[in-house]
Structure formats: structure tokens, C-alpha cells
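Novice: With the numbering used here, letter number 24 in the sequence shown gets 34, and the count goes up by one each step, no holes.
Note that the Cβ used here is the ideal one computed from N, Cα and C, for glycine as well.
The structure displayed is predicted, hence computed values, not measured ones.
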Amino acid sequence: MKIKVLFCYLITFIMTAYPQFTQDNTGSGDLFGVGKISVTIGGTFPINGTFPALVTDRVDEFVTRMYAEAVDLTLRVISDPEIYRKLKEELANYALRGIKLKRANGEELNIDLQKFRHNGDFSNNPYLKNDDVIIFPTNDLSRNFFSVSGVVNKPGIFLYIEGDKFEDLLELVDGINPAYDNVDSVEISRLSYDGQTETNIKIKIDKNYPVQRGDRFRFLAPETQRRNFAVSVIGEVNIPGLVPITKNNTTLYEVIKSCGGFTPQASLKRAKVYSGNSLAKLLEKQYNIKLEEQPDLENPSIRNILLNLELALMYRMSNVTTDDTNYFNLENQLRVLIEGSSLDFRKIDDPNSDIAKYIVQNGDIIIIPQIQNSVYVFGQVLRPGHVTFIEGKDYNYYVTEASGLGELAEDEEIMIIKGGSRAWLSPQRETVTIEEGDYIYVPKQSLRTIRSYVLEYSVYLSLLASIAAILLSIVTISNN
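(1) Taking C-alpha atoms, which residue in Phe-132, Phe-388 and Ser-468 lies nearest to Gly-416?
(2) Within a Cβ cutoff of 8 Å, which residues of the same chain sit near Asp-448, ignoring the five residues on either side of it in sequence?
(3) For the pair the region 165–177 and the region 215–225, tell me if three or more CB-CB distances fall below 8 Å.
(4) Measure the beta-carbon distance from Ala-105 to Asn-149 and round it to whole angstroms, keeping in mind my assumption that it falls under 8 Å.
(5) Checking 8 Å against the spacing of the C-beta atoms, do Ile-377 and Ala-240 come in under that value?
(6) So what does DSSP say about Val-57, is it helix, strand or coil?
(7) How would you write the range of the beta strand (DSSP E) that Phe-72 sits in, first residue to last?
(8) Does Arg-237 pass the burial test, meaning 16 or more other C-beta atoms within 10 Å, or should it be called exposed?
(9) Taking C-beta to C-beta, are Leu-138 and Phe-72 nearer than 8 Å?
(10) Evaluate Gln-371 with the Cβ neighbour count: other Cβ atoms within 10 Å of its Cβ, from every protein chain shown; 16 or more gives buried, anything less gives exposed.
(11) To the nearest angstrom, how far is it from the Cα of Arg-216 to the Cα of Tyr-368?
(12) Rounded to whole angstroms, what's the CA-CA distance from Asn-163 to Leu-353? Just pull it up for me.
(13) Taking Gly-205 as the reference, give the member of Ser-152, Val-253 and Leu-179 with the closest Cα.
(14) Flag this pair as touching only if the region 263–275 and the region 245–252 have three or more C-beta atom pairs under 8 Å; answer yes or no.
(15) Could you give the C-beta distance for Phe-229 and Ser-157, rounded to a whole number, given that I count them as a contact under 8 Å?
(16) Take Lys-214 as the anchor and find which of Ser-202, Ala-231, Ser-195 and Ser-199 has the nearest alpha-carbon.
(17) Is Leu-418 closer than 8 Å to Gln-455 when the C-beta atoms are compared?
(18) When you compare the CB positions of Ala-63 and Val-49, do they come within less than 8 Å of one another, or not?
(19) Where do the N-terminal and C-terminal ends of the alpha helix (DSSP H) with Tyr-408 fall, by residue?
(20) List, from N- to C-terminal side, the beta strand (DSSP E) runs of 3 residues or more that fit wholly inside the region 196–271.
(21) Leaving aside the five residues before and after Thr-66 along the sequence, list all residues of the same chain whose C-beta is less than 8 Å from its C-beta, in chain order.
(22) Excluding five sequence neighbours on each side, which residues of the same chain lie with their C-beta closer than 7 Å to the C-beta of Gly-53?
(23) I think Leu-182 touches Phe-168, with their Cβ atoms under 8 Å apart; what is that distance to the nearest whole Å?
(24) Can you check whether the CB of Ile-47 is closer than 8 Å to the CB of Asn-5?
(25) State the Cα-Cα distance for the pair Thr-209 and Ser-242, rounded to the nearest angstrom.
(26) Can you give the Cα-Cα distance for Lys-8 and Arg-127, rounded to whole angstroms?
(27) So, at 7 Å on beta carbons, what are the nonlocal neighbours of Thr-332 in its own chain, with the 5 sequence-adjacent residues on each side left out?
(28) Tell me whether Leu-482 sits in a helix, a strand or coil according to DSSP, three-state version.
(29) Only counting the same chain, and skipping five residues up and downstream in sequence, which positions put a Cβ closer than 6 Å to that of Asn-362?
This is the structure we're talking about:
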């Protein structure tokens, strides 16, 4: 309510201030100088009144200019972002169809600027004349509408105008998408006046078919699968780049073959396949839905809803604590994204192996890293960095080559991080074979202050005191 009141106030202000705002550069205030005419705007438009125009102005040019100036005048005094957003929505809510252009000689023209902006037909965008009056209808898309969906170029909801025919509809949606074959009929859904009953009819496309208020048209056709399915291959192959694939039928072996195979420098131990589309993978795994077959799911808001829904379902029956939330979210994302990351590329020439038969999906990213011939040592060592890989050497060799442990190194907690899986392994607890591309991490001792020890032991002492008090009470009760 406050927004509407403020909106009305600002529009009144604009109507009062506008003549000064549009005064010509000479300061004379003469609106009818050389090349000037007077045009009146009425109806549901951000600004009403009589304003100067040029004899070279067409309707769309004049309306666009008036709208831009009204928005500028209205919003320049608004600092609150929420009010700004709502006012901008209010200002933009004016009709482009059903506009009446009344001439001084009594002539009346029907103007459809939405059609003009689609097809450039100047019959819907004539030149203005002196004393023209432009009347805008109410842009009521909730009641006076028809909607179009399906295999058209620009589906949407449109203001219904008395006399609309099917050819008007086709103009507004820029026709049927030529990618679809044999689209010769359309389904129409009509509701009764009380909205309780629906009538569905299917008709052959007829340009003269009359459109009714509230009609909902669906142009139906089997979804075309002539899509630009492709995967990206990065790194040590002879011909890296974007590789075209078929839908659900191209193997990883075929992709690598089309890239000319691996280079001699390829590290097959650390090669990975990553999903380039987490939502596509999620829908395919959980619901057997192919995203490429659902054009409506390209809408970002729908994508976010589905992803948030899936995450909420994963949490609903879980025992995940608040402290574990970030870690769980990380693991849940990785669950979707790294499906192919455990495949062993060294077996790709074996036609019976999982890696050779693995079916790639649109948007997948295949990374073939270069052989490093080194192990990276970092953390509490004197010279962190790459150390040349030597087959069979253990972690102590690489730590020594990095000039040994620092003074604060926690040598009992040294970890080997595998270059392929990124798994953390403890060489003190198990035998770990170090490979090229692995990492050795030497953590730092946890330095503690006297205050931290006092705080820790104060907790223990308070627990002991509580236990002692309980035992004393038991003893006293038993003696009595």
C-alpha cells in the first residue's frame, strides 16, 4: 500500500515538473517551435499529460523516450533498494498492445507496438501528428491474456485484444521453431468462467482461427535430439578441445581415439572424468530425467529449486550436526561431480574394462594431466617444493631431499596425499607406495599457551570435583 501511495505521489510530481524538464534549450518554453508538435498520453502509462514531440517522431520512439524520462525522474529520488525495485516494476507495467492513436481529424488507429518490435511493420508504428492522443489500455495479463508454450520461438503470455486471430499469435511468438518437424496442430486449453472446468481441443493450424480471452496454446512435437552434445578434453592428448558426441552412446575410448590418443607425457594414473553439469547428473541419477529433454529446466530458478530440494531431502532424515554441515555439503557436491574420477585410464585399451566402456555425457570434462616425475613436499620442511620422483623411495627420502623437518614439525602426523584420488594416507599406520604426482604434507605442532592448558584442565578438575561430591553424598547417605 505504501509503495502505491508513493508511486502516485511521484507520478503527480512528474506531471507537475515535466514541462520545465522538457523546456527547449533556448529557455523560451515554446513547445511549438520549428519541428515541434504537441502529443497527449492517457490511460495506463507511467506518465499522463500533454508533451512536446518532434514531427519526425514515430509512436514507439516517443513512447520509449517518455518512459525513460519518467523512470529517470521517479527513481532518482529513491534510495531504498526494495522500494526502487518495486517502483521500477510498477513503471514497466504498461501495455504494448491495444493502444489507441486518436488524430485531431477524428481518425483512430489501433497500434500494436509488440508486433512492431517483432516484425518491424511500420503500420503499427506511424509518425505522430500535432494534437495526437495516445491511449494505453490496462495491462491485465492475469485476466485479459492468452498464453503460448511449446515449440515456438518466443513462448510467453500476451495481452488479449478483441479480434485477435491465430496469425496474430504466430507473429507475436515469431513462429514455430524450425528445428521441429511436422508441427501442424496445436492444443488449446480453455477454462470455464468459474475456473472449475477445463476444455481441451486440438486443431489444425489455421491463421484465421479466432483466439479467445484466456486461451492457453501448446504447440506439441517430439523433442528433437539434434543437439550440440559434446565433451571437453583437456591436457595430454594429441588433439585437445571440444569433441562432438552422440546422446548416451559415445564411450570414453571413442572420445580419446578422436583426440588422436595420449601424448607420451600423459599421466594416466591421474587422469579424471568430471561432470560438467551437476544438475543434469543429479536428475539422471535420482529420477532418470534427462535435462536435455526438458527445455523448461534451463530456467535458472527451476534449477536452483531442484538442487535445493535434493539437498533438503538428503538432510531430512540425517544425523548430521551443525558442525558437520559444511563437510557434508562438500561430500554431497563431490558425489555428483566426480562420478568418473575413480576410473583407471591405464586400462582404456582393454575393450572389456570399465574405462573403455564408460559412456560420456554432454558437458563432461576429461582431464589428462602431464607426467610430473616429481613429488611435492610442503608444510614444516625447510625447503618445500617438488622433489624428483624415484620409484620405490619412501616418504623419509623425499622429506630429507626437502632439507629435512622444521623445528615445529609434527613428524608423527605426516600424511601422503595421493595425486590421483587426493586420499590422505598415514605412512606410520600403513604401507604407502609413493607415486609421481603425490604430495607429502608435514603438519605443524599445535602450540598452546598457558591459558589454553588452564582452561582445559579446569574442565577436568570441575568434573572430578562433581564426581567427588556425588561419591561423598553416597557415602554420607550409606553411613546414616
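Specialist: To lay it out plainly:
(1) Here the question's residue 416 lines up with position 406 in the sequence shown. Of the candidates Phe-132, Phe-388 and Ser-468, the one whose C-alpha sits nearest the C-alpha of Gly-416 is Phe-388.
(2) Here residue 448 is taken as the residue at index 438 of the sequence shown, counted from 1. Scanning its chain for C-beta atoms nearer than 8 Å, with the 5 sequence neighbours on each side dropped, one finds around Asp-448 the residues Val-385, Tyr-386, Ile-426, Ile-427, Lys-428 and Gly-429, in chain order.
(3) Cβ pair count under 8 Å is three or more, so yes.
(4) Sequence index remark: in the sequence shown, residue 105 carries index 95 (1-based). Sequence index remark: in the sequence shown, residue 149 carries index 139 (1-based). About 4 Å separates the two Cβ atoms, so the contact holds.
(5) Here the question's residue 377 lines up with position 367 in the sequence shown. Here the question's residue 240 lines up with position 230 in the sequence shown. Not a contact, by the Cβ cut-off of 8 Å.
(6) The residue you call residue 57 lines up with position 47 of the sequence shown. Looking at the sequence itself, residue 57 is Ile, so the reference to Val does not match. Here Ile-57 sits in coil by DSSP.
(7) Counting from 1 along the sequence shown, the entry for residue 72 is found at position 62. Premise fails: Phe-72 lies in the alpha helix (DSSP H), 69–85, not in any beta strand (DSSP E).
(8) Taking the first residue of the sequence shown as position 1, residue 237 is located at position 227. By the 10 Å Cβ count, Arg-237 comes out exposed.
(9) Within the sequence shown, residue 138 is the residue found at index 128, counting from 1. Within the sequence shown, residue 72 is the residue found at index 62, counting from 1. Contact annotation: Leu-138 and Phe-72 have beta-carbon atoms nearer than 8 Å.
(10) Reading the sequence shown from its first residue, position 361 is the one you call residue 371. Buried, by the Cβ-count rule.
(11) Taking the sequence shown and counting its residues from 1, one reaches residue 216 at position 206. Taking the sequence shown and counting its residues from 1, one reaches residue 368 at position 358. Per the sequence presented here, residue 216 reads as Asp, with Arg not at that position. Rounded to the nearest whole angstrom, the CA to CA distance from Asp-216 to Tyr-368 is 49 Å.
(12) By one-based count along the sequence shown, residue 163 stands at place 153. By one-based count along the sequence shown, residue 353 stands at place 343. Taking the straight line from one Cα to the other gives about 42 Å.
(13) Within the sequence shown, numbered from 1, the residue matching residue 205 stands at position 195. When only C-alpha atoms are compared, the closest one is Ser-152.
(14) Inter-segment contact for the region 263–275 and the region 245–252 is present: three or more beta-carbon pairs are separated by less than 8 Å.
(15) For the purposes of this step, residue 229 is taken as residue 219 along the sequence shown, with counting starting at 1. For the purposes of this step, residue 157 is taken as residue 147 along the sequence shown, with counting starting at 1. The pair is not a contact, with the Cβ atoms about 12 Å apart (cut-off 8 Å).
(16) Your numbering for residue 214 matches position 204 in the sequence shown. Lys-214 has its Cα closest to that of Ser-195, out of Ser-202, Ala-231, Ser-195 and Ser-199.
(17) The residue labelled residue 455 in the question sits at position 445 within the sequence shown. The residue labelled residue 418 in the question sits at position 408 within the sequence shown. Contact flag set, yes.
(18) In the sequence shown, residue 63 corresponds to position 53, counting from 1. In the sequence shown, residue 49 corresponds to position 39, counting from 1. Closer than 8 Å, so yes.
(19) Residue 408 sits at position 398 when you count from the first residue of the sequence shown. Counting along the chain, the alpha helix (DSSP H) containing Tyr-408 begins and ends at 405–411.
(20) Listed in chain order, they are 208–214, 226–229, 240–245 and 251–254.
(21) In the sequence shown, counting from the first residue as 1, residue 66 sits at position 56. Within the same chain, Thr-66 has close Cβ partners Gly-45 and Tyr-137.
(22) Taking the sequence shown and counting its residues from 1, one reaches residue 53 at position 43. Annotation for Gly-53: Ile-145, Phe-146 and Pro-147 place their beta carbon closer than 7 Å to its own, counting only its chain and skipping 5 residues before and after.
(23) Counted from its first residue, the sequence shown places residue 182 at position 172. Counted from its first residue, the sequence shown places residue 168 at position 158. Between Leu-182 and Phe-168 the beta-carbon gap is near 5 Å, inside 8 Å, which marks them as a contact.
(24) Missing from the structure shown is residue 5; the chain here goes from 11 to 490 and no further.
(25) Translated into positions along the sequence shown, residue 209 becomes position 199. Translated into positions along the sequence shown, residue 242 becomes position 232. The straight-line gap from Cα to Cα measures roughly 48 Å.
(26) For the chain, the structure presents residues 11 to 490; residue 8 sits outside this window and is missing.
(27) Here the question's residue 332 lines up with position 322 in the sequence shown. Result list for Thr-332: empty, nothing under 7 Å.
(28) If you number the sequence shown from 1, residue 482 lands on position 472. In the three-state scheme derived from DSSP, where H, G and I count as helix and E and B as strand, Leu-482 is classed as helix.
(29) Taking the sequence shown and counting its residues from 1, the one referred to as residue 362 is at position 352. Contacts found: none.
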